[in-house]
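What the sequence shown shows, in the working numbering, is residues 2 to 564, in sequence order.
The beta-carbon is built from N, C-alpha and C at its ideal position, and this holds for glycine as well.
Treat the numbers as computed from the prediction; the structure is a model and nothing was measured.
To keep things clear, I will list the structure first and then write my remarks on it.
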Amino acid sequence: MADCSHGSETESDDHRKVTDFMCKRGYTEEAIKKIDVSAVQNMDDSELSRYIPAFGDRVNLRSLSKPDTGRKAALFDKLRNFAQTEFEDKISIAEMYDTVKMGMLCFHLCTKTKNGACSENKEDELTKKSSEDLETESDNELPEIEETISDVESIRDPVLPDSDVTPTKRSKLSLTLTCPVPDNHEIGTSTVRTEEPLPVLMDSFNEAFFNTDVEITIEEVMPRSPSPPPEEKLTTIVHRVKVLEELIEMFKSPQIIKKSIQFSFINEAGADQSGVSRDVYTSFWADFFSRVAEGEDFRVPALNPQWQVEEWKSVGKILVKGLLDHNIFPLNFAPAYVTALLFGEHSISEKTLLDSFLLYLSKSERDLAKVAIERKLSADENEDFLDMLDRLGSKTIPTFENMQEELLKMAHKELIQKPKYALEKMAEVCRNEIIVQIPSEVDLLEMYESKRPSVRKVLKMISSNPQTPAENQCLQYFKQYIKAQESQKSIQRLLRFLTGTDILCVEKIEVTFTKLIGIERRPIAHTGGPTLELPCTYMSYIEFRYELDNILQSDHCMEMNIA
2 MADCSHGSET ESDDHRKVTD FMCKRGYTEE AIKKIDVSAV QNMDDSELSR YIPAFGDRVN
62 LRSLSKPDTG RKAALFDKLR NFAQTEFEDK ISIAEMYDTV KMGMLCFHLC TKTKNGACSE
122 NKEDELTKKS SEDLETESDN ELPEIEETIS DVESIRDPVL PDSDVTPTKR SKLSLTLTCP
182 VPDNHEIGTS TVRTEEPLPV LMDSFNEAFF NTDVEITIEE VMPRSPSPPP EEKLTTIVHR
242 VKVLEELIEM FKSPQIIKKS IQFSFINEAG ADQSGVSRDV YTSFWADFFS RVAEGEDFRV
302 PALNPQWQVE EWKSVGKILV KGLLDHNIFP LNFAPAYVTA LLFGEHSISE KTLLDSFLLY
362 LSKSERDLAK VAIERKLSAD ENEDFLDMLD RLGSKTIPTF ENMQEELLKM AHKELIQKPK
422 YALEKMAEVC RNEIIVQIPS EVDLLEMYES KRPSVRKVLK MISSNPQTPA ENQCLQYFKQ
482 YIKAQESQKS IQRLLRFLTG TDILCVEKIE VTFTKLIGIE RRPIAHTGGP TLELPCTYMS
542 YIEFRYELDN ILQSDHCMEM NIA
């Protein structure tokens, strides 16, 4: 090692530390004179490497060049010094910090005896050496070997707050250095795993790294992207008789899809636990199909000069919001129209187009079209069929051979071409959102089938635990009433009374029991659950049916009158 002088007695302590260190590292006096302690901290790594080639030397040099903050800093260093403290092998970094209650720790390498080199009772003995001990060893006494340390993470500096840093990806940092290690020792492998986001800062390494072939695996720490703001809640009061206009205006807001919305009806007591929201969306679609749509069982939007771009986009947003938040999808939309809305008109199959068109027609025209497809039209029916085609705008008289082809043309005109403007504007805001949940036409048709209510499906949703014979008898009355709902409209009305919507969008309907009597006796539905409270005081099914029929036939049966 080259001889070096320590300079004059007036030389600063920082410069003396740097000089001593570089002398130990074998740098010449000429090279040491080129190092200005005050300039080291302001030089980037590429500039400093021109004078200090070894990466480890540069790291340690920066550490030695830091200005001393005085006695207070020295005291804190002593308090933070937990050298030689033993921890279990499986302890995590987070547990270490919890144990010592400090925000700054320095981790040192250790070695352990190789298997077979010593007796069994010494195989697991760990020989811990500090960096100073390693440097005092003579290079001539020990053979040089190259080892690889994987998954070693050095942490030195205060832990940053969780909001500032977070592990993102793994990467390899290779340092080609040399370290003498005894023949019967291998460098221990330190593996750090923590689910807490901890910083890995490379301001200083233990000197044991400086002369070692090291492959260090670190968790790169990058600034965490700003977390999304908390979901904004919006409480809205709507008029039941003006729900169409008020929701259209409300959903013109660009950010409405991202907000959590709670609804209430004016002059009604219902608190929104999903039941009121389901009722609001169902009321909107009922008004929409009654006032702004054409068709019978299946319908499509009818263009209205009062509705322009923003209005049709609002309809698309309402479609998305109802589906995402409450699993509500209006089944009155013709499947062919929805297929074009989500996947483009090229995705519509002829069967879907024809089936949608038949249910778009009135029942009498539907039956007439089916007879025409089967080529069984009588003379009177043929005249009625031609009148239907004329009403739909057909300019040709079809033959039996091209009857279905002509009907498909009419179907495309009525279901796709006429509402094209509304379809395009709705698709701009709802296609990308809905297609995630409904990725194909097959999934769309399956959704239609799964959400369409039936007696069997509603019966399977009933969940109850009667405790007495009277309660069990009342439950049987209710199931008998469900079985008596033969028409689609009657089962939909019952379902809306129970759940707030006329489609299947909840998993079960809970039935509980009360002992109401006299004029207070009545079934009480809580759509938020949904839960139905049934009095167990009915003496016969006739009594039960009479009271429930009166409730469902009332114009006010859907109003929320219980908070």
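Is there contact between the segment 377-393 and the segment 303-322, where contact requires at least three CB pairs shorter than 8 angstroms?
-> no
Pairwise C-alpha distance: Leu553 and Phe545 | 12 angstroms
CA-CA distance, Asp381 and Met411?
-> 22 angstroms
Helix, strand or coil: how does DSSP classify Gln405 here?
-> helix
Going by beta carbon distance, what residues of the same chain come within less than 6 angstroms of Thr500, once the five residues before and after it are set aside?
-> Val507, Thr528 and Pro531
Going by DSSP, what residues sit across from Arg300 in a beta bridge?
-> Gly296 and Phe334
Buried versus exposed, by CB contacts within 10 Å (16 or more), Lys364 = exposed
Cβ pair Phe401, Arg376 closer than 8 angstroms = yes
Same chain, Cβ closer than 7 angstroms to Thr236, neighbours up to 5 away in sequence not counted | Gln263
DSSP state of Val437, grouped into three classes?
-> coil
Would you check if the distance between the CB atom of Val19 and the CB atom of Ser64 is smaller than 8 angstroms?
-> no
Kindly list the residues whose CB is nearer than 8 angstroms to the CB of Lys480, restricted to its own chain and excluding five residues on each side of it in sequence; keep chain order.
-> Leu460 and Ile463
Are the segment 313-320 and the segment 349-360 touching by the rule of at least three beta carbon pairs closer than 8 angstroms?
-> no
Relative to the C-alpha of Lys234, which residue among Phe252, Ile257 and Ile249 is closest?
-> Ile257
Compute the beta-carbon to beta-carbon distance between Leu505 and Ser451, rounded to the nearest angstrom, for a pair I have assumed lies under 8 angstroms.
-> 7 angstroms
Three-way DSSP call (helix, strand, coil) for Ile398 in this model | coil
Look up Gln263 in the DSSP assignment and give the residues it is bridged to.
-> Thr236
CB-CB under 8 angstroms to Leu533, same chain, minus the five flanking residues each way: which ones, in chain order?
-> Phe479, Leu499, Ile510, Glu511, Val512, Thr513, Pro524, Ile525, Ala526 and His527
Between Ile439 and Met448, which are expected to be in contact by the criterion C-beta below 8 angstroms, what is the C-beta distance as a whole number of angstroms?
-> 6 angstroms
Examine the ligand PLP and report whether any of its heavy atoms sits within less than 7 angstroms of the Cβ of Phe22.
-> Ligands in the displayed structure: none, and consequently the ligand PLP is not present.
Quick one: grab the DSSP three-state call for Phe514.
-> strand
Quick one, which of Ala485, Gln493, Ala471 and Ser491 has its alpha-carbon nearest Met540's?
-> Ala471
From Asp90 to Met97, what distance separates their C-alpha atoms?
-> 11 angstroms
Selected residue, minimal CA-CA separation from Asp280, among Asn328, Lys458 and Val456 = Asn328
Output yes or no for whether 8 angstroms exceeds the beta carbon distance between Ala335 and Arg292.
-> no
If you check the beta carbons only, do Phe289 and Leu324 fall under 8 angstroms apart?
-> no
Quick one: what's got a C-beta closer than 7 angstroms to Ile435's C-beta in the same chain, skipping five residues either side?
-> Val321, Leu324 and Leu343
Ile156 (DSSP reduced to helix, strand or coil) | Any reading at Ile156 needs caution, since the residue's pLDDT is 37, under 50, leaving its predicted position unreliable; the model's value is listed next. Residue state, collapsed to three classes: coil.
Straight-line Cα distance separating Gly519 from Ala352 = Residue identity check: residue 352 is Lys in the sequence provided, not Ala. Approximately 55 angstroms, taken between the alpha carbons.
Let me know if Val242 comes out buried or exposed under the rule of 16 or more other beta-carbons within 10 Å of its beta-carbon.
-> exposed
Using the Cα positions of Phe22 and Leu76, report the straight-line distance between them to the nearest angstrom.
-> 23 angstroms
Leu533 by DSSP, collapsed to three states: which one?
-> strand
Can you list, in chain order, the residues of its chain whose CB lies under 8 angstroms from that of Ser294, leaving out five sequence neighbours each side?
-> Correcting the residue type first, residue 294 is Ala in the shown sequence and not Ser. Cβ within range, chain order: Arg300, Val301, Pro302, Ala303 and Asn333.
Could you tell me which residues DSSP puts in a beta bridge with Leu526?
-> In the sequence as displayed, the identity of residue 526 is Ala instead of Leu. For Ala526, which the question treats as bridged, DSSP gives the partners Leu533.
Taking C-beta to C-beta, are Val430 and Lys314 nearer than 8 angstroms?
-> yes
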